[in-house]
Structures are given as structure tokens and as C-alpha cells.
């Protein structure tokens, strides 16, 4: 009985922080600032950016600029810290030195400000075991025109036309192909209307043909800038970017 009591106390102490976060999310009220992000920018500047973990430098003196609508590929070998760089841009991490500014506005380490500017395309997007519609909108309300535009731009028209928006995609998106899952992630970003999309090895898990199709969707859209990090990408795909920056140099 004593062991059971301590086990229950341990479960309560470990579950309480999780519940506190859930409760905070349930009570969250979307403010005007978060529901109406800034839709335009002229120039993003990353200057002398550095990041360290336990006194070990992960990134050092990283500097570059990106203009509105520009498609930029950041290349570096595996383990360089490319994902860390994207998290710094998105405000999920705070650099140990340097700055991130958009049109003279300092966003360094500020997730709330950065969230208005940056969309994020993961290598392995999270899929809910719910309908295709829910996975596209994530429960937010969009007009029919906005939804259809995102479906068209992300190359999902055939899937929606064949299966319908009520189609249940299964746990982890098991009823979809890898390319379809990536297109859903792109559609989410288009619906969010962020002016800069960060792509983290977005097509590295796909075959060459699918990777090319995804890049054609991403890089031919003039509504947003793209900053993609990759260490392996075909020559044909490289030619689709406006600029390539080799971070290892």
C-alpha cells in the first residue's frame, strides 16, 4: 500500500505540469496581433548569428539577407546546425550573439513577433487521426476561397476531388503517401499567410520525382519567400532557387 501511495503521488506530480499546459491552451483567446499577421516585408537580415550549447559553438558568425519573394537554399553538411538556424529564425531559440531583423524590426529570440512572419515546413509533419479538412485547417476557420486556393497551390486538388475533405487520413497519415503529407504541410503554410516559409529538409525523405514536384509547388509561388536548408538536393532543384548559400564556407 505504501508503494502504491508513492506511485500515485508520483503520477500526480508528473501529470500536473502537463495539465497546466493543456488548461492554458484551452483558455487561450486569439488576439488581433496573432490572428492578423504582418503579410509583407522588404528584407530579412541575419547578422553575425551565433549559438552555443554547453559552451560548445553550434553556429558562429552566420550572416545573410533575404528579400521578399526570394527563394534561398542554405546548404551545409549533416550536423552543421541547419535546423538550429531555422529555429533561431522562428524565435524558438535565442542566439548567444547576433541579430535577426525584418525591415529594421528586431525579432531576435522573440517567438510572438517571429510567428507573424515565419511558416515552418517540417521534414516529418504531424498528422492528426482526423479528416483531411481538419489536417489542412488545424481547426481554424477559413473562407471557401482561401481553402480552395491553398488546395490548388499545394497540388492537392486530385486528392480532394477523389477522396473529399471528410476523408479520414488515419493515424500519422497512414492513408496518405509521403508526398501528400508534405503537400498538406505546404497548404497549412499557405493558409497561415506567412510571408517567409522555412523548410527543414522538407523533401529529404521523398524520392527524386516527388521531391521535384514539391519544390515546383514551393518555388514557383511568388506570394512568399522560401528559406530551405538541405545537404542533399538534385542539380535540377538547385537551379530553381534564386540563390544558394553554402554555410560551410
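Residue numbers (our numbering): 411 to 659.
Every residue, glycine too, gets a C-beta built ideally from N, C-alpha and C.
A quick note: this is a predicted structure, and the numbers were derived from the prediction, not measured.
{"Asked": "Please report how far the alpha carbon of residue 635 lies from the alpha carbon of residue 570, in whole angstroms.", "Found": "26 Å"}
{"Asked": "Count the other CB atoms within 10 Å of the CB of residue 444; is the residue buried (16 or more) or exposed (fewer)?", "Found": "For residue 444, the pLDDT reaches just 40, beneath the cut-off of 50, and the residue's location in the model is therefore unreliable, although a value from the coordinates is still provided. It counts as exposed."}
{"Asked": "Taking residue 603 as the reference, which of 431, 557, 638 and 456 has the closest Cα?", "Found": "557"}
{"Asked": "Note the first and the last residue of the continuous beta strand (DSSP E) segment covering residue 477.", "Found": "466-477"}
{"Asked": "Checking 9 Å against the spacing of the C-beta atoms, do residue 610 and residue 450 come in under that value?", "Found": "no"}
{"Asked": "Roughly how far, in whole angstroms, is the beta-carbon of residue 495 from the beta-carbon of residue 627, given that I think they are within contact range, below 8 Å?", "Found": "No, residue 495 and residue 627 are not in contact; Cβ-Cβ is about 23 Å, not under 8 Å."}
{"Asked": "Could you give the first and the last residue of the continuous alpha helix (DSSP H) run that contains residue 593?", "Found": "588-602"}
{"Asked": "From residue 526 to residue 520, what does the alpha carbon distance come to, in whole angstroms?", "Found": "11 Å"}
{"Asked": "According to DSSP, is residue 655 part of a helix, a strand, or is it coil?", "Found": "strand"}
{"Asked": "Measuring alpha carbon to alpha carbon, tell me which of 623, 484, 465 and 552 ends up nearest residue 564.", "Found": "623"}
{"Asked": "Just list the residues that DSSP pairs residue 511 with in beta bridges.", "Found": "455 and 516"}
{"Asked": "What distance in whole Å lies between the Cβ atoms of residue 600 and residue 555, which are believed to be in contact at a cut-off of 8 Å?", "Found": "With a Cβ gap of about 13 Å, residue 555 and residue 600 do not count as contacting."}
{"Asked": "Which two residues bound the contiguous beta strand (DSSP E) that contains residue 528?", "Found": "528-531"}
{"Asked": "Between residue 639 and the ligand FAD, is there a pair consisting of the residue's CB and a ligand heavy atom that are separated by less than 8 Å?", "Found": "In the structure shown, the ligand FAD is absent, as is every other ligand, since no ligand is present at all."}
{"Asked": "Quick one, are the C-beta atoms of residue 483 and residue 654 less than 9 Å apart?", "Found": "yes"}
{"Asked": "Taking Cβ positions, are residue 591 and residue 546 nearer each other than 9 Å?", "Found": "no"}
{"Asked": "Would you report the Cα separation of residue 625 and residue 508, rounded to the nearest angstrom?", "Found": "31 Å"}
{"Asked": "Indicate whether residue 485 and residue 658 have their beta-carbon atoms separated by less than 9 Å.", "Found": "yes"}
{"Asked": "What residues in its chain sit with their C-beta under 8 Å from that of residue 516, if we drop five residues either side in the sequence?", "Found": "509 and 510"}
{"Asked": "So the alpha helix (DSSP H) residue 415 belongs to, where does it begin and stop?", "Found": "412-436"}
{"Asked": "Buried or exposed: residue 418, going by 16 or more other Cβ atoms within 10 Å of its Cβ?", "Found": "exposed"}
{"Asked": "Could you check if residue 488 is buried or exposed, using at least 16 other CB atoms within 10 Å of its CB as the buried criterion?", "Found": "exposed"}
{"Asked": "From the DSSP output, in three-state form, read off residue 626 for me.", "Found": "helix"}
{"Asked": "For residue 651, I'd like the list of residues in its chain whose CB is within less than 6 Å of its CB, leaving aside the five on either flank, ordered along the chain.", "Found": "481 and 483"}
{"Asked": "Taking the C-alpha atoms as reference points, what is the distance between residue 498 and residue 608?", "Found": "11 Å"}
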